[in-house]
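Working notes, structure below.
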Ligand SMILES: Cc1ncc(C[n+]2csc(CCOP(=O)(O)OP(=O)(O)O)c2C)c(N)n1
Ligand SMILES: Cc1ncc(C[n+]2csc(CCOP(=O)(O)OP(=O)(O)O)c2C)c(N)n1
Ligand SMILES: [Mg+2]
Ligand SMILES: [Mg+2]
C-alpha cells in the first residue's frame with residue numbers, strides 16, 4: 001500500500017465500519033458533500049447516501065442529544081463535532097445524560113464523538129483548544145486519542161464497537177501525516193492500553209495525540225545525544241493504563257508528561273498524582289509536566305508557536321530531566 | 001448579632017452590594033418571589049425590584065451569554081445558576097467567551113456566577129455534582145468556594161468587585177449552618193488567599209467548600225487523639241494559594257487533599273502535582289487524595305452517604321496518614 | 001379507542017400516588033426531591049392512551065404520572081423514591097431519573113428541556129430502522145425557553161421525524177408564570193417557526209388529549225413528520241416540596257381546582273351513567289389499595305448494596 | 001439619511017479588502033482562517049449606515065465587512081490577520097476575534113450563534129442604564145438553528161430589549177443550503193414565535209437595509225422592543241479558504257453574480273447621475289489604495305511580543 005494520510009485512514013475505517021454494521025451512521029455539520037471541515041468524511045456520502053452520512057443543522061446540543069437517544073434505541077451514531085471547541089455547547093448532553101445512562105438508567109449508549117482538536121493552524125482561541133479535560137473528570141465517558149495512523153484506525157473501530165460514549169480526539173496536525181500500513185482498517189486495539197512508542201531507560205516521556213508524535217521525534221533527537229527516552233503514548237485517557245505508566249516510571253525513575261493545553265488542571269496533573277501515589281519511593285525527581293502556559297491559544301502563528309509543546313521543547317525538557325543530578 | 005445562616009449571610013451581602021453599586025444586578029431562574037431554589041435571594045425583590053432582581057426564563061446559555069454582554073457593557077451581573085449541574089448548558093459562553101475576553105479582546109468582564117453545588121441532599125446524579133473541574137483547567141475564570149459564613153460574605157464581595165468572571169461555589173450543605181459574626185457584610189478578602197483553618201504539625205489537610213468544613217470537624221476529633229492536623233481551606237481555587245499549601249506541606253511533610261467529586265481528574269490532582277513539584281524532597285509520603293469513587297452521585301441517601309467524604313472518613317484517612325511509618 | 005373508565009382508573013392511581021408522595025415527604029419517610037403532577041393527570045393519561053406498545057415516551061422532572069400512565073409498576077416506582085434496590089433505577093436515580101424501555105418509557109429527566117433532543121434521537125432511530133414507532137416528548141411551558149427544544153424541533157421538521165412534542169402548559173415554571181417565561185400566548189404558535197402542525201387542547205380532558213395525539217401519531221406513522229401539541233392544564237401542587245406558592249394567590253388555585261380533571265371525569269362518568277356513586281367509591285378504594293401496596297412493597301424492599309456503589313459506570 | 005455615495009465607498013472598501021484577503025491567503029502571506037463576505041457588502045453597509053454612534057453591533061465569523069462598515073481602520077484589521085502587535089487584538093484574536101467598543105463594535109465571533117446572546121446582554125445594559133442605544137446582532141441562516149438564538153429572542157421579547165437581530169440569509173451555512181438547515185422558508189417567519197416584528201428585505205440593496213434598520217431602531221429606542229430582520233443575499237465567496245464549492249453549481253453562482261450589490265449600486269449611481277464612469281474609477285482607485293496601505297501598514301508592523309504571551313488572561 002502507498003502511504004495514506006491520517007485523514008484517509010480515518011475515512012477508510014469509517015467506510016469499513018459503515019459496511020460492517022448497518023446500525024452505524026454518521027452525523028455532523030457539513031460531513032456530506034463538503035466532507036467535514038478537515039475532509040475526513042469526503043466522498044462517503046457517495047457510497048452510503050445522505051441518510052447514513054447525515055448533515056445536521058448547526059445545533060450541537062440538539063444533535064448530540066439526538067445521537068444519544070438514537071444510541072439508546074439501538075443505533076451506533078458516530079458524531080463529528082467540527083472543532084472540539086464547539087463541544088462546549090453539548091456538555092450538558094454528554095455529562096448529564098450520556099455519562100449517566102449506564103450507571104443510573106442501566107442503558108448502554110454506543111455513541112462515538114469524533115472531533116478535531118488542538119492548535120498549530122493559527123485558528124485562534126475558539127478553534128484550537130484541547131478540551132479533553134472537560135470530560136476526563138466525568139465518570140462514564142471514554143476518551144481515546146490516536147497519535148499514529150494505525151491507532152487512528154484501531155481506536156476508531158474499538159470506539160464504534162464499544163457500548164459506551166467514547167470521545168475520539170483527532171489532532172488537526174496529525175491529519176495530513178502519511179503512514180505506511182499493511183492494510184486499513186488495522187486490527188482494533190482494546191481501549192485502555194497505552195503504546196510504548198519507544199523503549200528507553202533514562203527517562204519516561206508520557207504524552208498522547210500530537211504531543212506523543214512530537215515526543216517520539218524528540219526522543220529520536222535525544223538518542224543521538226545518547227539519552228534514551230522511553231516514550232509512552234497513552235492512546236486511551238479513560239480508561240488510563242496506569243500499570244504501564246507505573247512500570248516504566250519504576251524503571252526509569254524520571255518522568256515527564258507532555259500536554260497540549262494549559263498547565264493547570266490538565267490530564268497531566270492526574271497522571272502525575274497517580275504516579276506519585278504508586279511509585280513515589282522509586283522516583284528520583286517529582287514527575288515533571290510540560291504543558292502550555294495558562295492562557296488561551298493566541299492566533300498569530302508566532303505566538304501560537306511560542307506556546308505549543310513541540311519536539312524541540314520536549315527534547316529540552318527531557319534532556320534537562322535526564323541529566324539532572 | 002444572633003447567629004445567621006449562610007443563606008442569610010449571602011442574602012445580606014448581596015443586599016449590601018446592590019445598595020453600594022447601582023451597576024450590580026442579579027439574574028437567574030426564580031430568584032424573585034421564590035427567592036431561588038435555596039432561598040438565598042428571598043425578599044430581595046421587595047427592596048430592589050424586579051429590574052435588579054431579575055427572573056430569567058429557563059435559558060442558561062442565553063442568560064449567561066446575556067450577562068457576559070451586559071458585563072462588558074459596564075454592568076456587574078450576579079447570576080444564579082439554580083444547580084451547578086446546569087452550568088453544563090453554559091460552558092460555551094463561559095469557556096469561549098467570558099474566559100477569552102481579557103486575553104484576546106482586552107475587555108474586562110465583571111461577572112459573578114453563584115451556584116449551589118454538591119451532594120448530601122439525595123437529589124440525584126444531575127442535581128448533586130461538584131463541577132468546578134470543568135472550569136479549573138480553563139484560564140480566565142476565577143473560582144472561589146467559601147466554607148464559612150464569614151468567607152461566604154467576604155468572597156462574594158470580592159467576586160462582585162473583581163473585573164473578571166468569577167464562579168462562586170455555594171455548597172448546599174453549608175446553607176443552613178449558622179455563624180456568629182460581628183457584622184455582615186464581613187470585610188472582603190483578596191481572591192487567592194487560602195485560610196489556615198487550624199494549625200497543626202502532624203499532617204496537612206487541604207480542602208474547600210463543605211469538605212473544608214468537614215475537615216475542621218475531623219481535625220477536632222483527631223485532636224482528642226493527639227493528632228494535630230493543619231487544616232487549610234483553599235477558599236480560592238483560581239488563583240490557587242500554592243505558597244501557603246507548600247509551606248504547610250514542608251512543615252508537616254504529610255499531605256491529604258479532600259475533594260467532593262470523583263477521584264479522577266479533579267482539583268486534588270493539580271494541587272498534588274504542584275506540591276510534588278515544589279516540596280517533593282520534604283514529603284515523607286506522596287500526597288494523598290480522598291475523593292469520591294469514579295461514579296455519578298446516586299440518589300438513595302444510603303448510597304450517597306457511602307460516597308461523600310464527610311468528617312468520619314476524613315478523620316480515618318488523616319489518622320492513617322499521620323500514623324503511617 | 002379511548003376508554004373513559006380506564007382513563008379514570010389511571011388518573012385516580014396517579015392522583016393517589018402523588019398525594020402519597022407528598023405525604024411521605026412531609027413525614028420524612030422519603031428524602032431527596034420530587035415534583036408531583038396533581039391536576040395534570042389527564043395529559044399523562046390522554047397521551048398514553050393514544051400510544052401503541054411500540055411507541056416511545058420521554059418525560060420530565062415531573063414524571064411519575066407519565067410513567068404510571070405508560071404502565072409503570074407503582075411499587076417499583078415508589079421503591080425508587082424510597083431509595084431501594086427494587087426501584088426502577090436500583091436506588092441510583094430517584095424521581096427524576098427512571099427509564100424502562102420495555103414499557104416504551106424513555107426516562108424522567110432532571111434537565112429541563114433535554115429530553116426533547118433525546119426523543120428526537122429515538123424518533124430518528126425509529127425512522128432509520130423503518131419501524132412505525134412514534135415518539136412523544138413531554139416538556140413544560142418553562143422548558144419551552146430552552147434552546148435545545150428549538151434545535152430539536154427544527155431538526156425533526158427538517159428530517160420529518162415521527163416526533164410529537166407535547167407541551168404541558170400548566171401555567172408556571174416553578175414560580176415563573178408563563179407570561180414571564182414564554183414570549184407568546186401559546187407555545188403551540190411556535191409550530192409556525194418550523195412549518196409543522198401545531199395545536200392546543202384542553203389538557204384537563206383526557207379524551208381531547210387522546211384524540212389529538214391519536215391523530216398526530218397516525219400522521220407521524222405515515223411519514224407526516226413532527227407536531228407540536230400544547231395541553232393547557234394547571235399544576236395544583238407546589239412546584240416541589242418546600243414551595244410556599246407565594247407567586248400566586250389561593251383564589252387562583254381555588255378557581256383551578258374547580259377545573260381539575262379528576263372531578264371532571266367523575267362527573268362525566270356519572271352523567272353518562274357509566275359509573276354510579278358506589279362504583280366511584282370502589283374505584284377510589286382500589287387506587288388507594290394499589291398505592292398502599294406500593295408503599296408496603298417499597299418499605300419491605302432491601303436497601304441497595306453500598307459495596308457495589310461504584311460499579312456499572314460503563315455498560 | 002442614507003448617502004448612496006458613502007455607502008458605495010464603504011462597499012468598495014469591503015470588496016477590495018476581502019479580495020485582498022483571499023489573495024494574501026492564497027499567496028501564503030497570511031495564515032489561519034478567515035471568512036470573506038464578497039457579495040454581502042450591502043447588508044453590512046446598510047445596517048451600519050442606519051446606526052448612531054452610541055449604538056452597538058455584534059458580528060459573526062464573517063465579520064470584516066461588518067467591522068469596516070462600522071468604521072474599523074483597515075490597517076489595524078489587516079494587521080490582526082497578519083498576526084501583528086498593531087492588530088485589533090494584538091495578534092491574539094485573528095479574523096474571528098476582534099472587538100472595538102470605541103466604535104460600537106462588539107466583536108467578530110467564532111462561535112456560531114453565540115453573539116446574539118451577548119448582544120441581548122448589551123441591549124439589557126442599555127435598557128438598565130437608560131440610554132437610547134440600540135443593538136444590532138448579525139447572524140447567519142445557518143446560525144438560526146442554534147438554540148441560543150431562540151433563547152435570546154425569547155428573552156429580548158419578554159424584556160422588550162432594544163435588540164435587532166439581523167439574519168444574513170446568504171443561502172448557505174458552509175455547504176448546507178438553507179433548505180437543509182432551516183425548517184421554514186424564511187427565518188423572519190420565526191418572529192411570530194416571539195410575538196415580535198419580523199421582516200425580510202433585499203440584502204443586496206443597502207438603501208432597503210438601511211431603511212428597515214432605521215425604522216426598527218427608532219422603534220427600539222422608543223421601547224418598542226426587539227425585531228428580527230432577514231436580509232436576503234448570497235455568499236459569492238467560498239465559505240472559507242479551501243472551500244471547493246462542490247455543493248453548488250457554477251451556474252447558480254453566475255446567476256448570483258448578476259445580482260451582486262456592488263455592480264447594482266454602481267449602476268444606480270450612474271443612472272442617477274451621481275457618479276460618472278471617471279468618478280467610479282476614482283472611487284475604485286481610492287479603495288484599492290486604502291487596502292494597499294492597510295497591507296503595507298500590517299506588514300510594517302511589529303510582531304507581538306512572545307515573552308508576554310501568557311499575560312493579560314485576567315483584567
Ligand atoms: C437545565 C435546567 N434548568 C433549570 C432547572 C430547574 N427546574 C426544574 S423544573 C423547573 C421548572 C420547569 O417548568 P416547566 O417546564 O413549565 O415544567 P413544570 O415544572 O411546570 O412541570 C426548573 C426551573 C432544571 N432542572 N434544569
Ligand atoms: C458552535 C459552532 N458550530 C459550528 C461552527 C463552524 N461554522 C463556522 S461558520 C459555519 C456556517 C455558518 O453559517 P451561517 O450562519 O449561515 O453564516 P455564513 O457562513 O453563511 O455567513 C459553521 C458551521 C462554529 N464556528 N461554531
Ligand atoms: Mg410549567
Ligand atoms: Mg449563511
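Residue numbers (this note's numbering), protein chains in the order written: chain A, 1 to 325; chain B, 1 to 325; chain C, 1 to 315; chain D, 1 to 315. The beta carbon of each residue, even a glycine, is placed where N, CA and C say it ideally should be.
Judged by the Cβ position, residue 86(B) qualifies as a neighbour of ligand 1 at the 7 Å threshold, a heavy atom of the ligand being closer than this. Under the DSSP assignment, residue 116(D) falls in the alpha helix (DSSP H) whose first and last residues are 114-128. In this structure, ligand 2 has a non-hydrogen atom nearer than 7 Å to the beta-carbon of residue 173(D).
At a cut-off of 8 Å between beta carbons, residue 247(D) contacts chain A. With contacts defined as CB atoms closer than 8 Å, residue 232(C) and residue 193(D) fail to qualify as a contacting pair. Rounded to the nearest angstrom, the gap between the Cα atoms of residue 125(A) and residue 277(A) is 35 Å. The Cβ of residue 164(B) sits no closer than 8 Å to any Cβ of chain A. Residue 30(B) has its CB no nearer than 7 Å to any heavy atom of ligand 3. Think of a sphere of 7 Å around the beta carbon of residue 30(A): the chain D residues whose beta carbon falls inside it are 174, 175 and 176, in chain order. Buried is the label assigned to residue 17(B), since at least 16 other Cβ atoms lie within 10 Å of its Cβ. The CB of residue 194(C) comes closer than 8 Å to the CB of 183 and 184 in chain D, given here in chain order.
With fewer than 16 other CB atoms across the displayed protein chains lying within 10 angstroms of its CB, residue 281(B) is exposed. Leaving aside the five residues that flank residue 293(C) on each side, the residues in its chain whose CB is nearer than 7 Å to its CB run, in chain order, 75. Interface flag for residue 139(A) against chain C is set, since a Cβ pair is found closer than 8 Å. In the DSSP assignment, residue 172(C) forms a beta bridge with 177(C).
Taking the C-beta atoms as reference points, residue 170(D) is found nearer than 8 Å to residue 141(D). For residue 108(B), at least one C-beta of chain D is nearer than 8 Å to its own C-beta. If only uninterrupted beta strand (DSSP E) runs of at least 3 residues are considered, those enclosed by the segment 259-310 of chain B are 288-292. Annotation: the segment 218-245 of chain D contains the following complete segments of the beta strand (DSSP E) (minimum length 3 residues), in chain order: 227-232. In this structure, residue 134(B) keeps its C-beta atom at 8 Å or more from the C-beta atom of residue 174(A). When C-alpha distances from residue 238(D) are compared across 309(D), 290(D) and 175(D), the shortest belongs to 175(D). Check the Cα spacing between residue 313(C) and each of 15(A), 65(A) and 142(A): the tightest is with 142(A). Using a CB distance cut-off of 8 Å, residue 171(A) does not count as an interface residue toward chain B. Take residue 31(D), set aside five residues on each side of it, and no residue of its chain has a beta-carbon closer than 7 Å to its own. At a cut-off of 8 Å, the C-beta of residue 190(C) has a neighbouring C-beta in chain D.
Runs of beta strand (DSSP E) with 3 or more residues, each lying fully within the segment 26-101 of chain D, are found at 56-58, listed in chain order. DSSP, reduced to helix, strand and coil, places residue 109(D) outside both helices and strands of the structure shown, so it counts as coil. Contact annotation for residue 112(C) against chain B: 58 [CB-CB distance below 7 Å, chain order]. Restricted to the segment 98-165 of chain B, the beta strand (DSSP E) segments that are unbroken, complete and at least 3 residues in length are 112-117 and 142-144, listed in chain order. Collapsing the DSSP output to three states places residue 84(B) in a helix.
With 16 or more neighbouring CB atoms inside 10 Å of its own CB, residue 77(B) falls in the buried class. Taken from the Cβ of residue 243(C), every heavy atom of ligand 3 lies 7 Å or farther away.
The beta carbons of residue 275(A) and residue 307(A) sit no closer together than 8 Å. Collapsing the DSSP output to three states places residue 202(C) in a strand. In the DSSP annotation of this structure, residue 230(A) is not part of any alpha helix (DSSP H); the continuous beta strand (DSSP E) holding it starts and ends at 229-233.
Between the segment 260-278 of chain C and the segment 39-59 of chain C, the count of C-beta pairs closer than 8 Å reaches three or more; the two stretches touch.
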